[in-house]
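Beneath this line is the structure, given in structure tokens, with notes to follow.
Number of protein chains: 2
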Amino acid sequence: MSKKSVEVLDTTLRDGSQGANISFTLNDKIKIALLLDELGVEYIEGGWPGSNPKDEEFFKEIKKYKLSKARIAAFGSTKRKDVSVKEDISLNSIIKADVDVAVIFGKSWSLHATEVLKVTKQDNLDIVYDSINYLRSHGLKVIFDAEHFYQGFKEDPEYALEVVKTAESAGADVIALADTNGGTPPFEVYETTKKVREVLHVKLGIHAHNDIGCAVANSLMAVKAGARHVQGTINGIGERTGNADLIQIIPTLVLKMGFNVLKGRDSLRKLREVSRIVYEILGLPPNPYQPYVGDNAFAHKAGVHVDAVMKVPRAYEHVDPSLVGNDRKFVISELSGTANLVSYLQGIGIVVDKKDERLKKALNKIKELEAKGYSFDVGPASAILITLKELNMYTNYVNLEYWKVINENNGLSIGIVKVNSQLEVAEGVGPVNAIDRALRMALQRVYPEIGEVKLIDYRVILPSEVKNTESVVRVTIEFTDNKMNWRTEGVSKSVVEASVMALVDGLDYYLQLKKTLKTSADNYIA
Amino acid sequence: MSKKSVEVLDTTLRDGSQGANISFTLNDKIKIALLLDELGVEYIEGGWPGSNPKDEEFFKEIKKYKLSKARIAAFGSTKRKDVSVKEDISLNSIIKADVDVAVIFGKSWSLHATEVLKVTKQDNLDIVYDSINYLRSHGLKVIFDAEHFYQGFKEDPEYALEVVKTAESAGADVIALADTNGGTPPFEVYETTKKVREVLHVKLGIHAHNDIGCAVANSLMAVKAGARHVQGTINGIGERTGNADLIQIIPTLVLKMGFNVLKGRDSLRKLREVSRIVYEILGLPPNPYQPYVGDNAFAHKAGVHVDAVMKVPRAYEHVDPSLVGNDRKFVISELSGTANLVSYLQGIGIVVDKKDERLKKALNKIKELEAKGYSFDVGPASAILITLKELNMYTNYVNLEYWKVINENNGLSIGIVKVNSQLEVAEGVGPVNAIDRALRMALQRVYPEIGEVKLIDYRVILPSEVKNTESVVRVTIEFTDNKMNWRTEGVSKSVVEASVMALVDGLDYYLQLKKTLKTSADNYIA
Chain A
1 MSKKSVEVLD TTLRDGSQGA NISFTLNDKI KIALLLDELG VEYIEGGWPG SNPKDEEFFK
61 EIKKYKLSKA RIAAFGSTKR KDVSVKEDIS LNSIIKADVD VAVIFGKSWS LHATEVLKVT
121 KQDNLDIVYD SINYLRSHGL KVIFDAEHFY QGFKEDPEYA LEVVKTAESA GADVIALADT
181 NGGTPPFEVY ETTKKVREVL HVKLGIHAHN DIGCAVANSL MAVKAGARHV QGTINGIGER
241 TGNADLIQII PTLVLKMGFN VLKGRDSLRK LREVSRIVYE ILGLPPNPYQ PYVGDNAFAH
301 KAGVHVDAVM KVPRAYEHVD PSLVGNDRKF VISELSGTAN LVSYLQGIGI VVDKKDERLK
361 KALNKIKELE AKGYSFDVGP ASAILITLKE LNMYTNYVNL EYWKVINENN GLSIGIVKVN
421 SQLEVAEGVG PVNAIDRALR MALQRVYPEI GEVKLIDYRV ILPSEVKNTE SVVRVTIEFT
481 DNKMNWRTEG VSKSVVEASV MALVDGLDYY LQLKKTLKTS ADNYIA
Chain B
527 MSKKSVEVLD TTLRDGSQGA NISFTLNDKI KIALLLDELG VEYIEGGWPG SNPKDEEFFK
587 EIKKYKLSKA RIAAFGSTKR KDVSVKEDIS LNSIIKADVD VAVIFGKSWS LHATEVLKVT
647 KQDNLDIVYD SINYLRSHGL KVIFDAEHFY QGFKEDPEYA LEVVKTAESA GADVIALADT
707 NGGTPPFEVY ETTKKVREVL HVKLGIHAHN DIGCAVANSL MAVKAGARHV QGTINGIGER
767 TGNADLIQII PTLVLKMGFN VLKGRDSLRK LREVSRIVYE ILGLPPNPYQ PYVGDNAFAH
827 KAGVHVDAVM KVPRAYEHVD PSLVGNDRKF VISELSGTAN LVSYLQGIGI VVDKKDERLK
887 KALNKIKELE AKGYSFDVGP ASAILITLKE LNMYTNYVNL EYWKVINENN GLSIGIVKVN
947 SQLEVAEGVG PVNAIDRALR MALQRVYPEI GEVKLIDYRV ILPSEVKNTE SVVRVTIEFT
1007 DNKMNWRTEG VSKSVVEASV MALVDGLDYY LQLKKTLKTS ADNYIA
């Protein structure tokens, strides 16, 4: 396969930071930049120096680090209509940022030139030419983002082409066609990009947004049509519905289209980790459904037999999950067999034959509970506890003798527990919080390792047919000790009781792993 | 524009239910089916009758309802290799389900025939032919899902074509090409679908999965290449990374590709509501970044001037948000909203001008609460109560002075309330049930009409990004008096307090309507 290359411009720190509820500290930005450099992107768009002081700080600070491959790019607009380039604040801020690469956006949709910018079409061409020329004359490499290009081309193709030809003649090194409002369907992106490819000689790029759910596909279609530069963000963060997700685009370019991207195939193995670190920095839970890297991306549920997948994986999986740093996962549920349990147990270092009678007993218990409202694919650690008991590998670390919660109409709750003969009381912002705190206070005295355990997800579902205040409630809790995550569940007509069950299972499971099995394996079970 | 049509098969209830953490009750399934019928889909794939009893129940139960347009389809596989069609359990379960339409999947990738099914390529053709023919002979319309078609076509195009030609000759009414493992890039979907279009005469369909983030685009590309039948799920729920999201596909087909879909353009306005209700049924928070319908989909950040957007909206928005039932949102100023309230108030017989200052005040209060975790589109009756207060149309019927709940570790709870000077105590199966009972006992003495009110839905959502036992909880409750339904909500860090708030609002709202407004209008607000 001929190794054509596609270069990557990451704009997580610039366009990504425009997303709702997205905010980076200077430290966050440095951390992400180093991560992107390690991953092997060509350009890191660090910010818009003319627009805010934090971005200017970033350009200063990042200079203290030696990057292996990535070049830092500063973003800005073409010059304002009523000043000369030398007096333009935006262009001069880019120069002052003292970077190698400038990314500037300009109008390519005639409607925007005449109705928004309020200049003639010729004036806009001059603005584009002068701005690029000025930055080039200061020794900068220039990437020109043709704003609203696809919309512009649709309405006034001649003018849109004239704009990018002007950018080329002014010396732009890359011309990125932007689908700024994200509304162009993939076939149109392909046709338009192809036409531009026919008339320009410079390297073409694509900058896609996800407003019709096609940002990833549009990026691929543009490359198919000849673009060799892709702009996007980690996890697709960005304004409105987000930017194109590089985490999803890159593996397809490499594994399905034969392009050389980043530092080669090995870089793909880092994608899951990079994706997770960015979620963590943002305080967002990872998206389990994210293509390639999500926890469910290679999960097999009912209907498909584990044996069949193991035997002919390519019959069921579009790529080998390990290529993108992910794992195959078998989900435990009422429809699954002992093979699923076996693969879970392997994850915590227990090897059992799948025909073992004790496993069948455990599975029967699990099925009985599922008929009552449990769903062990959402809280598998609780299923493992049942299995450990059947296997005689369970130690009774947590013996909850009594509990009680009193909720007052100021929203506060008092939780009382008696666990392992220790009586404890705690106040909380709700009944579950109160019991959670009382439980930990009592247990931590005997098991200091409990101090490592944090609760990171708490969900309440009413799985019954009719839902009212007498219905069965299923509580699912996810725990972490920052090395591994695990999920448990509890079912009861009382939301408090169901929560207590899931809480106790979570701490119990951790103690089984740490004290009896002495495992620290990453058995993340979503 | 010539009105070519694309028909929609919704498989939320079948393929969607294979998703991790997805589980529907029979009631949920009926509710969703009715919603889909109202939306205007052609086919509702209700389940796999051979695989589990719950699906069989659904086919029985849905017969009790008169659907306006949608036809219920039962799913299954082609016959097993070692039995005749007459003895095949799967095919006969479909017939027994007594529906008009069968959807059956069969192998079209030769690897699957020989390595998974372990039959000759000819045997597989016979299986496909016989299965379709058998169902047709029982008067069923047959949709044939060609499993792994795109993979199969890539490796063994002749055979893949032979399979679908066989299906056509057996009388299949629709042949849906399935990208079962979701790994085919959009340009390949286009090319392959086009080739199939050239050799078949029957209606072609597309069934896409999102494993490389292209399910929406692949569905559009297949239609571009000649498919006129699209399969997908609401919100893209489904196994692994999910199915193609109909909520995203349909507006592009209508607004950008000129197709006639559902019941015409007006159906698009219901998309946001349908999306939200399905999230709510699943106990999942809506995705704010979802194309077209998400809260952020038409959000304009501070940098864009409100006036500019208002003046030339098409310069900034790829479609008018109201076309898909969504709103433009300005981060800096509140503009829209009062119109929504006005239309709700009309539903209960109150006519107010949308420029009324009191409405703006109410809206500000609502927005403050939404910032704290409320979401009034899921519990609008609580928003109406706030508005009635601002309009001076509120009477204080329910004055809750004090409440307390004690939960014991036998699962039972004691609820104590003092409401309208009446002290009452009740026992319940959980804290919410106990308070619910105590409240009604106290109120019913003064307001016997409360006796008509039943609770028919109760849901708990943690709307914050980080979820733990200290998180804010949103409780939504649906009430009915068998003539009208209404939904309220409560938000607190305590699930008990949030429930009490929603309970009180529900009874309060009913009394406002019955005693003050004397309305019996059917203001069902889902």
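Protein chains in written order, with the numbering used here: chain A, 1 to 526; chain B, 527 to 1052. C-beta atoms are modelled at their ideal positions from N, C-alpha and C, and glycine is treated no differently.
- How long is the line joining the alpha carbons of Glu-860(B) and His-148(A), rounded to whole angstroms? Unreliable placement is indicated for Glu-860(B), whose pLDDT of 36 sits below 50; no coordinate value is reported for it.
- Item | Selection of the segment 102-125 of chain A by Cβ proximity to chain B, strictly under 7 Å | Leu-111, His-112, Glu-115, Val-116
- Query: What in chain B is Cβ-close to Pro-49(A), meaning under 9 Å?
  - Reply: In chain order: nothing, as chain B lies at least about 15 Å away.
- Query: Start and end of the beta strand (DSSP E) containing Gly-428(A)?
  - Reply: 422-428
- Query: Closest Cβ-Cβ distance between Leu-981(B) and chain A: below 7 Å?
  - Reply: yes
- Message: Between the segment 393-407 of chain A and the segment 434-454 of chain A, can you find at least three pairs of beta-carbon atoms closer than 8 Å?
- Response: yes
- What number of angstroms, rounded off, separates the C-alpha of Ala-74(A) from the C-alpha of Val-99(A)? 7 Å
- Could I get the ranges of all uninterrupted beta strand (DSSP E) runs contained in the segment 187-227 of chain A, with 3 residues as the minimum, in chain order? 203-208
- Counting only beta-carbon atoms, is Gln-948(B) nearer than 7 Å to chain A? no
- Residue nearest to Asp-145(A) in terms of C-alpha spacing, selected from Thr-78(A), Lys-86(A), Ala-97(A): Thr-78(A)
- Message: Using the three-state DSSP reduction, which class does Tyr-509(A) fall into: helix, strand or coil?
- Response: helix
- Assigned secondary structure, Phe-902(B) (DSSP; H/G/I helix, E/B strand, else coil): coil
- Task: State the DSSP-derived secondary structure class of Thr-551(B), mapped to helix, strand or coil.
- Result: coil
- Task: For the segment 249-281 of chain A, enumerate the residues whose C-beta is nearer than 8 Å to any C-beta of chain B, in chain order.
- Result: Ile-249, Pro-251, Thr-252, Lys-256, Met-257
- When you compare each of Leu-391(A), Glu-370(A), Lys-361(A) to Val-535(A) by their alpha carbons, which one comes out closest? For chain A, the structure presents residues 1 to 526; residue 535(A) sits outside this window and is missing.
- Message: Suppose the cutoff is 6 Å on Cβ atoms and the five residues either side in sequence are ignored; what does the same chain contact list for Lys-418(A) look like?
- Response: Glu-401, Tyr-402
- When the Cβ atoms of the segment 579-588 of chain B are set against those of the segment 788-802 of chain B, are three or more pairs found closer than 8 Å? no
- For the alpha helix (DSSP H) containing Gln-476(B), list its first residue and its last residue. Absent from the structure is residue 476(B), since the part of chain B shown begins at 527 and ends at 1052.
- Item | Touching by the beta-carbon criterion (3+ pairs, under 8 Å), the segment 723-735 of chain B and the segment 245-265 of chain A | no
- Message: Given the structure, does Asp-682(B) come close to the ligand SAH, in the sense that its CB is under 6 Å from one of the ligand's heavy atoms?
- Response: With respect to small molecules bound, the structure shown includes none, and the ligand SAH cannot be examined in it.
- Query: So, are the CB atoms of Thr-692(B) and Tyr-716(B) less than 7 Å apart?
  - Reply: no
- Would you decide whether Ile-858(B) is buried or exposed? Buried here means 16 or more other CB atoms lie within 10 Å of its CB. Note that Ile-858(B) scores a pLDDT of 35, beneath 50, so its modelled location is shaky; the value from the coordinates is reported in the next line. The residue is exposed, with fewer than 16 neighbouring Cβ atoms inside 10 Å.
- Query: If the cut is a Cβ gap below 7 Å, which residues of chain B does Glu-317(A) touch?
  - Reply: Asn-707
- Message: Does chain B have any CB closer than 7 Å to the CB of Ile-348(A)?
- Response: no
- Message: Among the candidates Val-85(A), Ile-95(A), Ser-68(A), whose CA atom is the shortest distance from the CA of Phe-59(A)?
- Response: Ile-95(A)
- Measure the alpha-carbon distance for Val-756(B) versus Arg-963(B) and round it to whole angstroms. 48 Å
- Message: Can you pull the chain A neighbours of Thr-719(B), defined as C-beta to C-beta under 8 Å?
- Response: What Thr-719(B) touches in chain A: nothing, since even the nearest Cβ is about 12 Å away.
- Compare the C-beta of Glu-568(B) with all C-beta atoms of chain A and state if any pair is closer than 7 Å. no
- Task: Count the other CB atoms, across all protein chains shown, that sit within 10 Å of the CB of Met-836(B); report buried if there are 16 or more and exposed otherwise.
- Result: exposed
- Query: For Ile-94(A), which of helix, strand or coil comes out of DSSP?
  - Reply: helix
- Query: Which of the three DSSP states, helix, strand or coil, is assigned to Ser-528(B)?
  - Reply: Note that Ser-528(B) has pLDDT 48, beneath the 50 cutoff, so the model's placement of it is unreliable and the number below is only indicative. Ser-528(B): coil per DSSP, three-state reduction.
- C-beta neighbour in chain B for Ala-20(A), strict 7 Å: yes
- Closest Cβ-Cβ distance between Thr-12(A) and chain B: below 7 Å? no
- Going by other Cβ atoms of all chains shown within 10 Å of its Cβ, with 16 needed for buried, is His-664(B) buried or exposed? exposed
- Query: Can you tell which of Glu-427(A), Ala-244(A), Tyr-292(A), Lys-329(A) has its C-alpha closest to the C-alpha of Asp-179(A)?
  - Reply: Ala-244(A)
- Query: How many whole angstroms separate the CB atoms of Ala-215(A) and Ala-208(A), which I take to be in contact at a CB cut-off of 8 Å?
  - Reply: 4 Å
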